[in-house]
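Peer 1:
In my numbering, the protein residues as written are 1 to 358.
#1: Are the Cβ atoms of residue 40 and residue 68 separated by less than 8 angstroms?
#2: Determine, using beta carbons only, whether residue 176 and residue 260 come nearer to each other than 8 angstroms.
#3: Roughly how many angstroms separate the alpha carbons of residue 101 and residue 324, rounded to a whole number?
#4: In this structure, how does DSSP classify residue 81 when only helix, strand and coil are distinguished?
#5: Considering just the uninterrupted stretch of the beta strand (DSSP E) at residue 38, what are its terminal residues?
#6: So, using beta-carbon positions, are residue 240 and residue 229 closer together than 8 angstroms?
#7: Whole angstroms is fine: what's the gap from residue 286's alpha carbon to residue 350's?
#8: Exposed or buried, residue 21, counting other C-beta atoms within 10 Å across all chains shown (16 or more means buried)?
#9: When we look at the beta-carbon of residue 157 and count the other beta-carbons within 10 Å, is it buried (16 or more) or exposed?
#10: Looking at the structure shown, is residue 47 part of a helix, part of a strand, or coil, going by DSSP?
#11: Any idea what DSSP makes of residue 230, helix, strand or coil?
#12: Starting from residue 143, follow the beta strand (DSSP E) in both directions and report where the run begins and ends.
#13: Report the residue from 52, 105 and 24 whose alpha carbon sits nearest the alpha carbon of residue 30.
#14: How would you label residue 25, buried or exposed, when you count the other beta carbons within 10 angstroms and need 16 or more for buried?
#15: State the start and end residues of the unbroken alpha helix (DSSP H) segment that holds residue 277.
#16: Less than 8 angstroms between the CB atoms is what I'm expecting for residue 166 and residue 199, so what's the real figure, rounded?
#17: Once DSSP output is grouped into helix, strand and coil, what is the label at residue 346?
#18: Classify residue 139 as helix, strand or coil using the three-state DSSP reduction.
#19: Taking the alpha carbon of residue 181 as the reference point, which residue from 121, 258, 27 and 161 has its own alpha carbon closest?
#20: Between 267, 218, 355 and 256, which lies nearest to residue 246 when the distance is taken from Cα to Cα?
#21: Compute every distance between the C-beta of residue 38 and the non-hydrogen atoms of the ligand NAD, then say whether any falls below 7 angstroms.
#22: Determine the direct distance from the alpha carbon of residue 54 to that of residue 107, and round the result to whole angstroms.
#23: Considering only residues of the same chain and omitting the five flanking positions on each side of residue 113, which have a CB-CB separation below 8 angstroms?
#24: Quick one: which unbroken alpha helix (DSSP H) runs of 4-plus residues sit fully inside the segment 183-224? Chain order, please.
#25: Pair every Cβ in the segment 90-100 with every Cβ in the segment 138-148, then say whether three or more of these pairs are closer than 8 angstroms.
#26: Measure the Cβ-Cβ separation of residue 277 and residue 117 and say whether it is below 8 angstroms.
#27: According to DSSP, simplified to helix, strand and coil, what is residue 88?
#28: Whole angstroms are fine: how far does the CA of residue 295 sit from the CA of residue 322?
#29: Can you tell me whether DSSP reads residue 253 as helix, strand or coil?
#30: Can you name, in chain order, every residue of its own chain whose Cβ lies under 6 angstroms from the Cβ of residue 326, other than the five neighbours on each side?
#31: When the distance is taken between beta carbons, is residue 131 closer than 8 angstroms to residue 123?
#32: Closest by CA to residue 35, which one among 43, 23, 80 and 91?
#33: Nearest-angstrom Cα distance between residue 134 and residue 300?
#34: Here's the rule I'm using: 16 or more other beta-carbon atoms within 10 Å means buried, otherwise exposed. How should residue 155 be labelled?
#35: Could you check how far apart the C-beta atoms of residue 333 and residue 47 are, in whole angstroms? I think they sit under 8 angstroms.
#36: Along the alpha helix (DSSP H) that carries residue 306, what are the first and last residues, could you check?
Now the structure itself:
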């Protein structure tokens, strides 16, 4: 388990005054089977779609101290799009289909509604199956995948406890997510789960989770993938490595701490995501050093193409191409250089050759 809102502390703890002025825009969209999905858009920059756990909500994560600080940190350099999973929070509560395929449709509905052409997908714990389903079928839209946490499965005894004694189950769960406390944080987590998901929905979620064959699913995910996890406990590190070996294009990074939630001690997590997306770049804005890769694009045989299409049609096609090129550049972690339109070409800056080639 992992990832509640983090509980105690003042609202917006850790946010700068500028970030406090930024507020998420809450919206709704409709998935393929008609389920209404609540989502939020926050910040600016290259898009990051955050598919979170089923036991929290956008409202909880944007109004509680530690989780809001985590969101603020992500949105400082990215357009953060996140949503309430079906059966949770403000999304449709009464849903029958909890399959990874249905939730992959939810991801697509949110991405379409938010206008994301290409994006990095951040997923945690039980949403990994849905994210993998989506990534496998949408290689043209997924730029990168970031995974927080590991799949371990849950026991039938645990599912029975969830159904029969929801209060006890939540207290046990809170201790697993925040093993070092404090008690106030564990209580806040338990209350957040109670408010956002029913015991029956939680039990169904765990049952669906156990049915996923990750050994068959994950090898088909070809997108570059960053697997992030805490350094402790050691057993969790071993599970992380086992999972990463299933992904053909994965790298693993461990960050300090023992909490299962990404909100506590979140700065190393945010920095790792920024680096993976090509945003943590000392060469662009820090004269102290680093690498800058300059990319120029140009239309081949543009003179002959203009004669064939005519001036007006060529200009219209060039404008469309320019917009799509700039979107692809940003999606690969680069920055188009405004004002540097060179005839029918575009200039862009990247922090690595690999990003520019992508």
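Yeah, the Cβ is synthetic: ideal placement off N, Cα and C, and Gly gets one too.
Peer 2: This is what the structure holds:
#1: Working through the chain shown from its first residue, we reach residue 40 at position 40. Working through the chain shown from its first residue, we reach residue 68 at position 68. The answer is no: Cβ separation not under 8 angstroms.
#2: Stepping through the chain shown from its first residue, residue 176 is reached at position 176. Stepping through the chain shown from its first residue, residue 260 is reached at position 260. Contact flag set, yes.
#3: Mapped onto the chain shown, residue 101 falls at position 101. Mapped onto the chain shown, residue 324 falls at position 324. Looking at the two C-alpha atoms, the distance is approximately 29 angstroms.
#4: Sequence index remark: in the chain shown, residue 81 carries index 81 (1-based). It is a strand residue.
#5: As a position in the chain shown, residue 38 is number 38, starting the count at 1. 36-43 is the span of the beta strand (DSSP E), which, as asked, contains residue 38.
#6: Looking up residue 240 in the chain shown gives position 240. Looking up residue 229 in the chain shown gives position 229. Judged by beta-carbon spacing, residue 229 lies within the 8 angstroms limit of residue 240, meaning their Cβ atoms are closer than that value.
#7: Counted from its first residue, the chain shown places residue 286 at position 286. Counted from its first residue, the chain shown places residue 350 at position 350. Bear in mind that the predicted position of residue 286 carries a pLDDT of just 41, short of 50, making it too unreliable to give a figure here.
#8: Counted from its first residue, the chain shown places residue 21 at position 21. Since pLDDT at residue 21 reaches only 36, below the 50 mark, its modelled position is unreliable, and the value read off the structure follows with that caveat. Burial check for residue 21: the Cβ neighbour count within 10 Å stays below 16, so the residue is exposed.
#9: Here residue 157 is taken as the residue at index 157 of the chain shown, counted from 1. Under the 10 Å beta carbon count, residue 157 is surrounded by fewer than 16 other beta carbons and is classified as exposed.
#10: By 1-based counting over the chain shown, the position of residue 47 is 47. Correct three-state label for residue 47: strand.
#11: Residue 230 sits at position 230 when you count from the first residue of the chain shown. Residue 230 falls in the strand class under three-state DSSP.
#12: Position 143 of the chain shown, counted from the start, is the residue given in the question as residue 143. Run containing residue 143: 142-148, per the beta strand (DSSP E) assignment.
#13: Along the chain shown, read from residue 1 onward, the residue named residue 30 stands at position 30. Ranked by Cα distance from residue 30, the first of 52, 105 and 24 is 105.
#14: The residue given as residue 25 occupies position 25 in the chain shown. Exposed, by the Cβ-count rule.
#15: The residue you call residue 277 lines up with position 277 of the chain shown. Residue range 267-277 is occupied by the alpha helix (DSSP H) that includes residue 277.
#16: If you number the chain shown from 1, residue 166 lands on position 166. If you number the chain shown from 1, residue 199 lands on position 199. Residue 166 to residue 199, Cβ: 4 angstroms. Contact.
#17: Looking up residue 346 in the chain shown gives position 346. If DSSP states are grouped into helix, strand and coil, residue 346 belongs with the strands.
#18: What you label residue 139 is simply residue 139 of the chain shown in a count that begins at 1. Residue 139 sits in coil when the DSSP states are folded into three classes, being neither helix nor strand.
#19: Within the chain shown, numbered from 1, the residue matching residue 181 stands at position 181. Ranking 121, 258, 27 and 161 by Cα distance to residue 181 puts 258 first.
#20: Counted from its first residue, the chain shown places residue 246 at position 246. For residue 246, the nearest C-alpha among the options comes from 218.
#21: Of ligands this structure carries none, so the ligand NAD is not represented either.
#22: Here residue 107 refers to the residue found at position 107 of the chain shown. Here residue 54 refers to the residue found at position 54 of the chain shown. So the two alpha carbons sit approximately 13 angstroms from each other.
#23: For the purposes of this step, residue 113 is taken as the residue at position 113 of the chain shown. Around residue 113: 27, 29 and 39.
#24: Taking only runs of at least 4 residues, the alpha helix (DSSP H) segments lying wholly in the segment 183-224 are 183-196, 199-210 and 214-217.
#25: As far as the Cβ criterion goes, the segment 90-100 does not touch the segment 138-148, which means the pair count is below three.
#26: Taking the chain shown and counting its residues from 1, the one referred to as residue 277 is at position 277. Taking the chain shown and counting its residues from 1, the one referred to as residue 117 is at position 117. No; because the gap between Cβ atoms is not below 8 angstroms, this pair is not in contact.
#27: As a working note, residue 88 is residue 88 in the chain shown. The answer is coil: DSSP assigns residue 88 none of H, G, I, E or B.
#28: Position 322 of the chain shown, counted from the first residue, corresponds to residue 322. Position 295 of the chain shown, counted from the first residue, corresponds to residue 295. Near 14 angstroms, if we compare the C-alpha coordinates of residue 295 and residue 322.
#29: Taking the chain shown and counting its residues from 1, the one referred to as residue 253 is at position 253. The answer is strand: DSSP assigns residue 253 an E or B state.
#30: Along the chain shown, read from residue 1 onward, the residue named residue 326 stands at position 326. Excluding sequence neighbours, residue 326 sits near 336.
#31: Start at 1 with the first residue of the chain shown, and residue 123 comes out as number 123. Start at 1 with the first residue of the chain shown, and residue 131 comes out as number 131. Their beta carbons are under 8 angstroms apart, which means residue 123 touches residue 131 by this criterion.
#32: Looking up residue 35 in the chain shown gives position 35. For residue 35, the nearest C-alpha among the options comes from 91.
#33: The count along the chain shown starts at 1 and reaches residue 134 at position 134. The count along the chain shown starts at 1 and reaches residue 300 at position 300. Distance between the alpha carbons of residue 134 and residue 300 is about 34 angstroms.
#34: Translated into positions along the chain shown, residue 155 becomes position 155. Classification for residue 155: exposed.
#35: Along the chain shown, read from residue 1 onward, the residue named residue 333 stands at position 333. Along the chain shown, read from residue 1 onward, the residue named residue 47 stands at position 47. Rounded to whole angstroms, the Cβ separation of residue 333 and residue 47 is 11 angstroms, and the two are not in contact under 8 angstroms.
#36: The residue given as residue 306 occupies position 306 in the chain shown. It spans 302-309 - the alpha helix (DSSP H) in which residue 306 sits, taken as one unbroken run.
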